[in-house]
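Accompanying notes for the structure given below.
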Amino acid sequence: GPVIVAVNSLRAEGATGLQIPGDAPLDYTFDGGIAIAEASIEAPERNGMVLGATGATVEEIRFSESMRQFAAKAISINGATAQATVNALPKGPPPEDAPPRSGRILELELPYAVIVDRIVLADGTAKLMDAGATPPLAVQLEDLAVELTSVNTTQPQATTIAISSKLQGTGRLAVDGTANLLGEKQAADLTVTLAGVPLPPYDAVAGYYAGYKVDTGRLSSTMPIRIDGPTITGELDFTFANIDLGEKVESPVAPDLPLDLGVSILKDGEGNVTGKVTFEGDMTSPSFNFGDLVFRAIFGLVGKIITAPFQLLAGAFGGGDADISFVAFEPGDTDLVEGEIGKLDILAEALLDRAQLHLGVVGHATSDTDVAALRSSMLREAMLEQLRSASPTLTTLSDDLYRQGVITRYSALPAPATEPTFEQMEQAVLATVEVPLERRIDLAQRRAARVAEILLAEHGLPADRVSTSVPDGDALDAESPRASFELK
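What follows is the structure in structure tokens.
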């Protein structure tokens with residue numbers, strides 16, 4: 002398509018040479034400098050690209066047409082502007098028969114070899130737009146400064162890169178490191194730093210990758226990136242400050258995860274979500290997408306947190322590797338096992354720090370240990386009730402009365418071949434005691450209520466942040482007498 006170039010003024014100083022040999026290619030040379038004022042380039046059919054600058058200078062140019070080489074000591078550009086329409090977000094996964102990608106960051110075929118000691122861009126602005134995104138996406142860079150040192154496309158050497166800019170008005174972007182992206186084997190060692198970047202302008206990105214919009218929040222992160230041929234590796238150390246997810250939106254790639262719960266678990270008392278993830282990708286893969294690579298790493302972390310949230314909370318609040326997803330009770334009772342109260346101390350501290358979380362306490366009663374303990378207590382209750390019919394003032398069942406009651410009840414059972422011990426008689430009598438399901442349910446309810454009472458009365462948790470329940474069917478059973486926890 003057409004390219005429109007406009008230059009207000011251009012001044013060149015130096016020596017030029019023109020050689021027209023008989024059968025050899027034409028050779029044009031220039032040694033000197035160039036100064037340009039108020040220049041612009043428009044390419045409407047190339048993503049609507051518009052480039053401009055208030056001024057530019059090129060020092061100590063050494064240009065040779067026959068050598069196909071452009072060299073300069075320094076290029077300085079002031080007041081640069083750039084605007085373009087880009088496809089920032091994929092439209093969905095690639096087809097299964099998609100060919101491999103080239104694996105290169107830059108697909109440039111330069112007409113000349115380029116050797117420049119230093120390139121400096123100051124006071125620049127850039128705006129990249131993706132009108133096809135939902136909602137439309139616009140990335141705005143201001144106060145853009147770029148410095149490239151040792152640019153040389155003829156040798157496999159790295160260019161030193163330093164970029165800084167405002168991002169979306171109040172955030173900051175910085176890129177520092179080295180890269181050789183035009184050599185036969187591309188390589189880079191860069192660190193991308195973001196500071197206080199507002200998230201709502203990136204609703205399109207969040208919606209596409211996460212399936213949620215973002216109501217509030219800012220991102221600060223440090224991301225070292227290494228490129229070795231087609232392989233890219235990196236680490237993202239991030240903080241989402243004061244983040245609140247917005248409405249859920251449709252997305253072709255967002256994971257099926259309760260991200261709102263994950264954010265609530267990760268969010269600390271100051272409203273921040275922090276984390277560190279690593280990533281690695283093959284840029285020749287048809288499905289390679291850098292944004293997808295990074296977000297999948299983040300979602301991997303969130304997925305682990307959602308499946309094991311209490312492990313995170315225990316580690317964050319001094320519990321080490323303690324399993325605070327449940328508390329254990331004495332069999333058949335609502336008394337906590339010794340030491341279990343410490344789990345509630347840790348859990349309460351975590352819940353007070355993360356005010357957005359709600360705790361569900363689920364009571365359980367086991368079909369073995371608890372039922373055995375309930376049989377014993379029910380037998381004693383039945384004995385005491387029988388004795389009180391004759392002695393109404395009797396309030397407790399002594400060991401002697403219990404022993405006598407066991408022997409009496411055992412005598413009504415079929416006689417064994419050998420004389421039993423008292424313990425054998427006791428077990429035989431206990432086996433006749435039926436524990437109704439309602440008794441187990443009542444025990445489970447009282448255990449859940451006991452945990453809630455401790456959290457509310459001793460730790461000051463609001464009543465609307467703790468709920469109790471008892472599961473139906475086989476879920477009433479558990480590995481041991483306990484109350485388990487759920488985060489909502």
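Heads up, the sequence shown is in my numbering, so the first residue is 2 and it goes up one at a time. Glycine included, C-beta positions come from ideal geometry on N, C-alpha and C. Bear in mind the structure is a predicted one, so any value in this text is a computation, not a measurement.
Nearest-angstrom Cα separation, counted from residue j out to residue i
{"i": "residue 393", "j": "residue 480", "result": "41 Å"}
{"i": "residue 272", "j": "residue 357", "result": "9 Å"}
{"i": "residue 428", "j": "residue 309", "result": "41 Å"}
{"i": "residue 55", "j": "residue 145", "result": "14 Å"}
{"i": "residue 176", "j": "residue 162", "result": "7 Å"}
{"i": "residue 412", "j": "residue 376", "result": "19 Å"}
{"i": "residue 276", "j": "residue 318", "result": "16 Å"}
{"i": "residue 437", "j": "residue 366", "result": "12 Å"}
{"i": "residue 451", "j": "residue 314", "result": "22 Å"}
{"i": "residue 289", "j": "residue 155", "result": "29 Å"}
{"i": "residue 402", "j": "residue 435", "result": "22 Å"}
{"i": "residue 207", "j": "residue 216", "result": "11 Å"}
{"i": "residue 385", "j": "residue 489", "result": "44 Å"}
{"i": "residue 243", "j": "residue 214", "result": "14 Å"}
{"i": "residue 414", "j": "residue 473", "result": "35 Å"}
{"i": "residue 454", "j": "residue 448", "result": "10 Å"}
{"i": "residue 425", "j": "residue 466", "result": "48 Å"}
{"i": "residue 351", "j": "residue 475", "result": "30 Å"}
{"i": "residue 293", "j": "residue 442", "result": "47 Å"}
{"i": "residue 255", "j": "residue 131", "result": "19 Å"}
{"i": "residue 37", "j": "residue 80", "result": "12 Å"}
{"i": "residue 65", "j": "residue 189", "result": "30 Å"}
{"i": "residue 229", "j": "residue 291", "result": "15 Å"}
{"i": "residue 405", "j": "residue 389", "result": "15 Å"}
{"i": "residue 387", "j": "residue 433", "result": "17 Å"}
Supposed close pair residue i, residue j - CB separation, criterion 8 Å
{"i": "residue 484", "j": "residue 363", "result": "6 Å"}
{"i": "residue 59", "j": "residue 34", "result": "6 Å"}
{"i": "residue 353", "j": "residue 462", "result": "7 Å"}
{"i": "residue 311", "j": "residue 295", "result": "About 27 Å; that fails the 8 Å criterion."}
{"i": "residue 70", "j": "residue 113", "result": "6 Å"}
{"i": "residue 227", "j": "residue 197", "result": "Not really, about 26 Å apart at Cβ, beyond 8 Å."}
{"i": "residue 192", "j": "residue 240", "result": "With 8 Å as the limit, residue 192 and residue 240 do not qualify as a contact, their Cβ atoms being about 16 Å apart."}
{"i": "residue 253", "j": "residue 94", "result": "7 Å"}
{"i": "residue 182", "j": "residue 106", "result": "5 Å"}
{"i": "residue 15", "j": "residue 32", "result": "5 Å"}
{"i": "residue 143", "j": "residue 126", "result": "5 Å"}
{"i": "residue 63", "j": "residue 57", "result": "The pair is not a contact, with the Cβ atoms about 18 Å apart (cut-off 8 Å)."}
Reference residue i, options the options, closest by Cα
{"i": "residue 5", "options": "265, 75, 51 and 234", "result": "51"}
{"i": "residue 261", "options": "271, 250 and 254", "result": "250"}
{"i": "residue 164", "options": "179, 153, 157 and 154", "result": "179"}
{"i": "residue 284", "options": "187, 316, 437 and 253", "result": "187"}
{"i": "residue 468", "options": "106, 155 and 359", "result": "359"}
{"i": "residue 42", "options": "385, 111, 247 and 85", "result": "85"}
{"i": "residue 266", "options": "208, 487 and 152", "result": "487"}
{"i": "residue 39", "options": "414, 12, 321 and 373", "result": "12"}
{"i": "residue 431", "options": "81, 465, 373 and 441", "result": "373"}
{"i": "residue 444", "options": "333, 342, 415 and 387", "result": "333"}
{"i": "residue 259", "options": "225, 149 and 211", "result": "211"}
{"i": "residue 141", "options": "232, 116, 83 and 151", "result": "83"}
{"i": "residue 355", "options": "369, 36 and 274", "result": "274"}
{"i": "residue 136", "options": "106, 225 and 89", "result": "89"}
{"i": "residue 464", "options": "17, 456 and 471", "result": "456"}
{"i": "residue 148", "options": "129, 139, 132 and 124", "result": "124"}
{"i": "residue 237", "options": "152, 225 and 160", "result": "225"}
{"i": "residue 446", "options": "460, 96, 131 and 470", "result": "470"}
{"i": "residue 247", "options": "264, 257, 233 and 234", "result": "264"}
{"i": "residue 491", "options": "153, 190, 458 and 104", "result": "Absent from the model: residue 491. The displayed extent of the chain is 2 to 489, so no value can be given."}
{"i": "residue 369", "options": "388, 331, 341 and 405", "result": "331"}
{"i": "residue 297", "options": "321, 235, 341 and 320", "result": "235"}
{"i": "residue 185", "options": "104, 166, 174 and 270", "result": "104"}
{"i": "residue 53", "options": "17, 128, 245 and 405", "result": "128"}
{"i": "residue 233", "options": "109, 282, 270 and 439", "result": "282"}
{"i": "residue 98", "options": "287, 269 and 209", "result": "287"}
Test: residue i CB closer than 8 Å to a CB of chain C
{"i": "residue 89", "result": "In summary, chain C is missing from the structure at hand, where a single protein chain is found."}
Query raised in the report: Should the segment 47-55 be called in touch with the segment 13-27, which here means at least 3 C-beta pairs below 8 Å?
Result: no
Report task. Would you check if there are 3 or more beta carbon pairs closer than 8 Å linking the segment 323-339 to the segment 296-303? Result -> no
Report task. Could you pull out every unbroken beta strand (DSSP E) segment of at least 3 residues lying fully inside the segment 92-146, listed in chain order? Result -> 114-131
Report task. Could you say if the segment 194-207 and the segment 167-179 meet the contact criterion of at least three C-beta pairs nearer than 8 Å? Result -> yes
Requested in this report: Would you check if there are 3 or more beta carbon pairs closer than 8 Å linking the segment 375-389 to the segment 397-415?
Outcome: yes
Report task. Kindly provide the ranges of any alpha helix (DSSP H) runs that are 4 or more residues long and lie completely inside the segment 233-277, ordered along the chain. Result -> 260-267
Query raised in the report: Looking at C-beta atoms only, is the number of pairs between the segment 345-361 and the segment 312-328 that lie closer than 8 Å three or more?
Result: yes
Query raised in the report: Could you give the uninterrupted runs of the alpha helix (DSSP H) lying entirely in the segment 409-440, keeping only those of 4 residues or more?
Result: 423-431
Requested in this report: With a floor of 3 residues, list each beta strand (DSSP E) that falls wholly inside the segment 35-66, ordered by position along the chain.
Outcome: 50-65
Requested in this report: Taking 8 Å as the threshold, find out whether the segment 119-128 comes into contact with the segment 75-82 through three or more Cβ pairs.
Outcome: yes
**Report entry** 4 or more residues per run - each alpha helix (DSSP H) lying fully within the segment 351-397
**Finding:** 370-389
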